[in-house]
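A short write-up of the structure that comes next.
Chains as they are written, first to last, in our numbering: chain A, 1 to 223; chain B, 224 to 700.
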């Protein structure tokens with residue numbers, strides 16, 4: 001018969017898995033608006049995971065983290081980025097990322113890597129901590145992968161923010177970690193800065209370009 | 224009042240006040256005043272050592288770095304005041320872009336001092352994150368395409384670095400929590416250090432890898448250095464001086480704090496080999512890259528990567544002598560490189576260009592400035608009688624005694640870098656020179672003060688300083 005402890009375990013586990021799955025969905029999403037929608041869902045599940053941990057660990061301050069994730073990440077940021085995309089007129093952009101198949105294969109390898117890294121060394125910690133840490137590290141690595149494979153500044157920023165979701169997931173999953181609220185606020189400020197930068201300086205593409213002529217002019221030395 | 228609180232309160236309050244000041248000329252003067260007050264406050268812990276609080280800490284390791292940071296911040300504020308006024312009057316920079324420049328400068332000093340004095344791993348992380356936020360606007364100050372690209376690259380790369388460092392910090396807490404219990408003590412550096420021996424070594428290892436890669440991005444270690452030359456070259460020169468003189472040092476200091484944690488646990492992996500590899504890679508890569516530089520600020524930015532490589536290598540070797548050399552080199556590099564950027568700033572203003580090919584014969588057209596640059600390059604290339612020679616000599620001798628093969632690689636890197644700098648110096652300083660305006664000798668005072676300190680350290684290191692460096696070198700293990 002499932003006890004209450006098991007229910008707690010399963011809920012936390014389920015929410016972590018949802019966050020991780022949405023990271024995969026971000027990898028193959030090609031349309032910019034689609035990327036935003038999925039990011040908003042991921043933030044929503046992160047908020048739910050943080051709220052559940054607040055309840056399970058009897059740590060009321062984590063409700064604040066959950067609130068930040070809900071209001072700031074799941075609503076304010078996607079709306080703001082939506083407007084920026086319309087303003088910069090880049091919503092038709094079809095990204096020439098690494099192929100979907102290749103990206104997903106690398107993604108699966110990264111998840112395997114983080115499980116192999118985290119599980120053997122955390123045998124002393126509780127099962128829940130171990131598994132949510134493995135999921136969190138996977139989200140971090142998938143966020144990095146997204147930043148590498150995307151060519152467009154806005155989706156690169158979304159990759160960065162999904163990486164950050166992984167960090168918050170790790171921080172709320174570790175029992176009793178202090179300063180989680182402060183750290184998540186500090187990170188949100190940074191994200192706000194980046195989005196402000198995209199808007200203010202009209203950064204459409206990330207600056208990497210394959211055009212050799214441009215590379216000499218912008219990336220190399222002044223002549 | 225705790226002196227550390229004063230050290231932090233002055234730049235924080237000045238940042239707020241400067242944000243309200245509209246005129247850039249007045250703000251530049253107020254900036255100098257604030258930096259001078261911070262410098263005075265930073266000397267107070269030498270007379271009265273403040274007690275360790277859960278959030279702030281002054282110990283033998285950071286007390287001298289706090290003073291060094293405040294000193295370089297002060298001399299740079301002097302240089303910066305002249306620099307920005309000249310940039311605006313020559314029309315290269317619109318005055319309205321300077322609206323928050325000085326407030327950001329003070330906020331940056333605040334984050335640097337906070338990172339140095341933080342006793343809490345979370346606060347330390349927030350401080351380094353704040354350093355990225357405050358400098359990124361200044362790197363993009365000129366708003367040219369190149370400057371924006373440099374700022375964006377800096378932001379994204381250091382953002383990822385900072386993110387990885389946060390994951391490492393979480394892991395340190397995970398390792399500490401079973402021993403220390405839940406809550407603040409498990410993230411307080413002075414509380415976990417004595418008990419780190421009981422932590423799970425495997426988690427510490429993984430944490431250190433994330434922390435080294437994360438904070439190492441800010442140190443500019445290869446292969447994570449890509450932001451550094453762009454940010455140095457495209458930003459205003461005072462910012463290049465504080466990036467090289469302060470930020471790289473402080474980021475390395477944070478890495479060393481975590482190295483001390485790992486050294487306290489006999490079962491954890493030795494951090495040495497990782498640091499030696501990254502240090503050597505940075506040194507060799509940067510010294511070869513020096514040859515192809517056409518931009519004078521990029522040239523010295525690569526030289527900064529080279530020197531951070533040497534310092535990381537020295538700390539990776541470990542032991543009293545190598546640590547001593549590393550500490551000395553941190554100080555010497557910070558003083559010399561910021562002075563070189565002062566000189567470079569004046570040079571690019573009188574000549575109106577940063578292209579090495581267009582700057583010729585400085586010693587005949589602007590003798591004082593030209594010779595200042597010569598002194599700087601001679602010092603940074605590691606020639607006696609300057610302090611950089613002393614520390615590089617120590618690094619080499621101690622590694623020859625212990626790891627001759629690695630020492631050969633270091634020697635190769637040093638010689639290659641030396642060759643590149645001397646080759647560039649030929650064209651820059653000697654031969655027929657023409658054109659360009661004059662610099663007033665008063666503007667060069669901060670620069671010569673730095674060189675005088677570096678020269679003094681090269682000839683004679685005062686006894687108390689030596690005992691103290693030795694003591695810290697023992698602490699570092």
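Quick reminder that beta carbons are idealized off the backbone N, C-alpha and C, glycines included.
The structure displayed is predicted, hence computed values, not measured ones.
So, does the CB of residue i fall closer than 7 Å to a CB anywhere in chain A?
i                      : result
residue 526 of chain B : no
residue 570 of chain B : no
residue 522 of chain B : no
residue 460 of chain B : no
residue 397 of chain B : yes
residue 405 of chain B : yes
residue 345 of chain B : yes
residue 352 of chain B : yes
residue 334 of chain B : no
residue 312 of chain B : no
residue 390 of chain B : yes
Spatial neighbours of residue i within its chain, please: CB distance less than 6 Å, with the 5 preceding and 5 following residues excluded, ordered by chain position.
i                      : result
residue 436 of chain B : 387
residue 493 of chain B : none
residue 100 of chain A : 28
residue 413 of chain B : 275, 280, 342
residue 548 of chain B : 537, 614, 617, 618
Check whether the Cβ of residue i lies closer than 7 Å to any Cβ atom in chain B.
i                      : result
residue 8 of chain A   : no
residue 178 of chain A : yes
residue 3 of chain A   : Because the pLDDT of residue 3 of chain A is 47, which lies under 50, any placement of that residue in the model is unreliable, and the number read from its coordinates should be weighed accordingly. Residue 3 of chain A does not count as touching chain B.
residue 81 of chain A  : no
residue 69 of chain A  : no
residue 167 of chain A : yes
residue 201 of chain A : yes
residue 154 of chain A : no
residue 216 of chain A : Interpretation of residue 216 of chain A is limited by its pLDDT of 44, a score under 50 that renders its predicted location unreliable; the figure taken from the coordinates is listed afterwards. By this cut-off, residue 216 of chain A is not an interface position.
residue 111 of chain A : no
residue 171 of chain A : yes
residue 20 of chain A  : no
residue 193 of chain A : yes
residue 139 of chain A : no
Which same chain residues, not among the five before or five after residue i, have their C-beta less than 7 Å away from its C-beta?
i                      : result
residue 695 of chain B : 283, 284, 550
residue 18 of chain A  : 45
residue 605 of chain B : 611, 612, 615, 637, 641
residue 301 of chain B : 255, 669
From the options, pick the residue whose C-alpha is nearest to that of residue i; which is it?
i                      : options                    : result
residue 326 of chain B : B:492, B:252, B:690        : B:252
residue 444 of chain B : B:420, B:610, B:525, B:361 : B:525
residue 567 of chain B : B:455, B:274, B:596        : B:596
residue 608 of chain B : B:514, B:497, B:680, B:303 : B:680
residue 666 of chain B : B:228, B:308, B:247        : B:308
residue 40 of chain A  : A:117, A:18, A:9, A:75     : A:75
residue 599 of chain B : B:224, B:652, B:635        : B:652
residue 415 of chain B : B:403, B:603, B:425        : B:403
residue 634 of chain B : B:646, B:647, B:655, B:612 : B:612
residue 66 of chain A  : A:174, A:201, A:189, A:169 : A:169
What's the gap between the Cα of residue i and the Cα of residue j?
i                      : j                      : result
residue 509 of chain B : residue 521 of chain B : 11 Å
residue 183 of chain A : residue 349 of chain B : 7 Å
residue 297 of chain B : residue 364 of chain B : 21 Å
residue 46 of chain A  : residue 351 of chain B : 25 Å
residue 644 of chain B : residue 375 of chain B : 29 Å
residue 98 of chain A  : residue 383 of chain B : 20 Å
residue 544 of chain B : residue 197 of chain A : 46 Å
residue 229 of chain B : residue 264 of chain B : 7 Å
residue 320 of chain B : residue 515 of chain B : 32 Å
residue 483 of chain B : residue 311 of chain B : 46 Å
residue 504 of chain B : residue 57 of chain A  : 45 Å
residue 552 of chain B : residue 71 of chain A  : 48 Å
residue 236 of chain B : residue 317 of chain B : 26 Å
residue 211 of chain A : residue 203 of chain A : Residue placement at residue 211 of chain A cannot be trusted, given a pLDDT of 38 that sits under 50; what the coordinates show is reported in the next sentence. Straight-line Cα distance between these residues: approximately 18 Å.
residue 30 of chain A  : residue 102 of chain A : 14 Å
residue 322 of chain B : residue 329 of chain B : 13 Å
residue 518 of chain B : residue 372 of chain B : 17 Å
residue 195 of chain A : residue 473 of chain B : 27 Å
residue 456 of chain B : residue 511 of chain B : 18 Å
Leaving out five residues on either side along the sequence, give the residues of the same chain with a beta carbon under 8 Å from the beta carbon of residue i.
i                      : result
residue 380 of chain B : 440, 447, 449, 450
residue 378 of chain B : 355, 359
residue 656 of chain B : 583, 584, 585, 586, 587, 588, 589, 593
Practice task
Would you be able to state if there are at least three C-beta pairs under 8 Å between the region 407 to 427 of chain B and the region 464 to 478 of chain B?
Solution key: no
Exercise for the section: Indicate whether the contact test is met: 3 or more Cβ pairs, each with one atom in the region 148 to 168 of chain A and one in the region 30 to 43 of chain A, closer than 8 Å. Expected result: yes
Practice task
Answer yes if the region 137 to 144 of chain A comes into contact with the region 113 to 129 of chain A, meaning at least three C-beta pairs across the two stretches below 8 Å, and no otherwise.
Solution key: yes
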